[in-house]
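Working notes, structure below.
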Amino acid sequence: ADKAAAERKATAEKAAAEQRAAAEKAAADKAVAEQKAAAKKAEDQARAAATEKPAPKTAPAKGPAQEEILSPGDEEESEASTIFAGNVGEVLEKHGEKGLAELAEFKVARPRLLIASEAILEMVFIATPVFLVGRSEKKEKGVHCRLTHDAVSSVHARILFQKRRFYIEDQGSRNGTFLGHELLPPEQPRELASNTHVRFGTVDALWVTDTDATGTPISPQKYEDALEILKGDGAISALVAKTARGDAKEKAIHPGESLLLMGRITVAQWCDAMARAPFLNVIREKQGAQSGSRGLLVLMVVIGLAAAAWYFRRQLGIDL
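Structure follows, in structure tokens:
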């Protein structure tokens, strides 16, 4: 009788685990489908606009940093800038379907910087393929994102969108540009992945896109796993996590951004949770039908060990 009861319990637990996995997969598939639909809609709108009568050509209004952005010696930057400037019909005419697809991919990614350091708390959306960050107010050294901080140079760094990838490049700043703990050498572009900790001098920021390097929408489950890790660490409560979810949905951002804007966590904490989040998925798959207090205990122990291993590897400078 005990054996039969145990088998029934195991069967029920396995069925519950399969239902949870199916629900998670359905949610992820839905998010991917919505993002693909948005990309297709953007391309369709662009094609429709291309058939309309083009507006009379006028001299484009020059922003404060236009001369620096459109560097005559940089052919790739100039080409990228023309893709993002002016009439969509001209983009289709000059660059064809490839240029149109690149424009759509940029828009679907919704690139942005969340500045979250000391007294500076600001969300800045990127609207140009060459985006300058710095402190300068001067017209000849104008920037798109101005950070009024002593640790930030006049023109500190720039963010580039080239060949469907995002990059960051230090502009010879006095206090350096960092990706995590790594100091970037001047004028050497480094690729940016979503949810990367960027530091301009001592000013922290989170780099965010809605898609990964392949243009695939980032699964909401990754953010859920990061929230679970933050709760397990005691950094946030279940109530704060719930509030962050609601705020993120309302603002069309992810929960980590909400927590940062609420001042509940630091950029380093969020990036650490995102780096550890994949362990949860691996453990979830291996645990399978396990549930209840024993399964949860095993889960938390393994997460702790994985987190410790990740931390020491980072301290030793081992590339992850």
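Residue numbers for the sequence shown follow our numbering, so the first one is 7 and each next one is one higher.
Ideal placement from N, C-alpha and C gives every residue a C-beta, glycine not left out.
Once you ignore the five residues that flank residue i on each side, which residues in its own chain have a CB closer than 6 Å to its CB?
| i | result |
| --- | --- |
| Ser160 | Gly140, Arg141, Ser142, Lys147 |
| Leu189 | Gly182 |
| Gly186 | His203 |
| Met280 | Asn201, Ala232 |
| Arg180 | Ser159 |
Under a three-way DSSP split, which group does residue i fall into?
| i | result |
| --- | --- |
| Val149 | coil |
| Val158 | coil |
| Gln177 | coil |
| Pro116 | The question names Pro, but residue 116 is Arg in the sequence shown. Arg116: coil per DSSP, three-state reduction. |
| Ala125 | coil |
| Leu98 | With a pLDDT of only 44 at Leu98, under 50, the local geometry of the prediction cannot be trusted, and the value read off the model is given with reservation. Three-state result, Leu98: helix. |
| Glu188 | strand |
| Leu236 | helix |
| Gln168 | strand |
| Arg205 | strand |
| Pro223 | strand |
| Leu198 | coil |
| Asp218 | coil |
| Thr17 | helix |
| Pro140 | In the sequence on display, residue 140 carries Gly and not Pro. It is a strand residue. |
| Thr272 | coil |
| Met281 | The amino acid occupying residue 281 in the given sequence is Ala; Met does not appear at that position. Helix. |
| Thr134 | coil |
| Ala363 | Only positions 7 to 326 of the chain appear in the structure, and residue 363 is not among them; the question remains open. |
| Ala254 | helix |
| Ala211 | strand |
| Ala241 | coil |
Where does residue i land, buried or exposed, given buried means 16+ other C-beta within 10 angstroms?
| i | result |
| --- | --- |
| Lys228 | buried |
| Pro284 | exposed |
| Gly262 | buried |
| Thr220 | exposed |
| Ala122 | buried |
| Lys9 | exposed |
| Asp278 | buried |
| Arg5 | No answer is possible for residue 5: the residues shown for the chain start at 7 and end at 326. |
| Val158 | buried |
| Thr17 | exposed |
| Val136 | buried |
| Val288 | exposed |
| Ala254 | buried |
Less than 8 Å between the CB atoms is what I'm expecting for residue i and residue j, so what's the real figure, rounded?
| i | j | result |
| --- | --- | --- |
| Pro192 | Gly178 | 4 Å |
| Leu138 | His150 | 5 Å |
| Ile126 | Ile165 | Going by Cβ atoms, the distance from Ile126 to Ile165 rounds to 17 Å, so no, they are not a contact pair. |
| Arg118 | Met129 | 6 Å |
| Leu198 | Ile174 | 5 Å |
Sorted by chain position, which residues of the same chain lie with C-beta nearer than 7 Å to residue i's C-beta, five sequence neighbours on each side aside?
| i | result |
| --- | --- |
| Glu30 | Gln227 |
| Phe206 | Val139, Leu153, Val158, His162, Ala163, Thr183 |
| Leu120 | Met129, Ala211, Leu212, Val214, Glu263, Leu266 |
Less than 8 Å between C-beta atoms, sequence neighbours within five positions excluded: which residues of the same chain meet that for residue i?
| i | result |
| --- | --- |
| Leu265 | Leu236, Ile242, Val246, Ala250, Ile271, Trp276 |
| Asp176 | His162, Ala163, Gly182, Thr183, Leu190, Pro191, Pro192, Glu193, Gln194 |
| Ala4 | Any property of residue 4 remains undetermined from this structure, which presents the chain solely from 7 to 326. |
Does the segment 203-214 come into contact with the segment 229-239, if we say contact requires no fewer than three beta-carbon pairs (one atom in each stretch) closer than 8 Å? no
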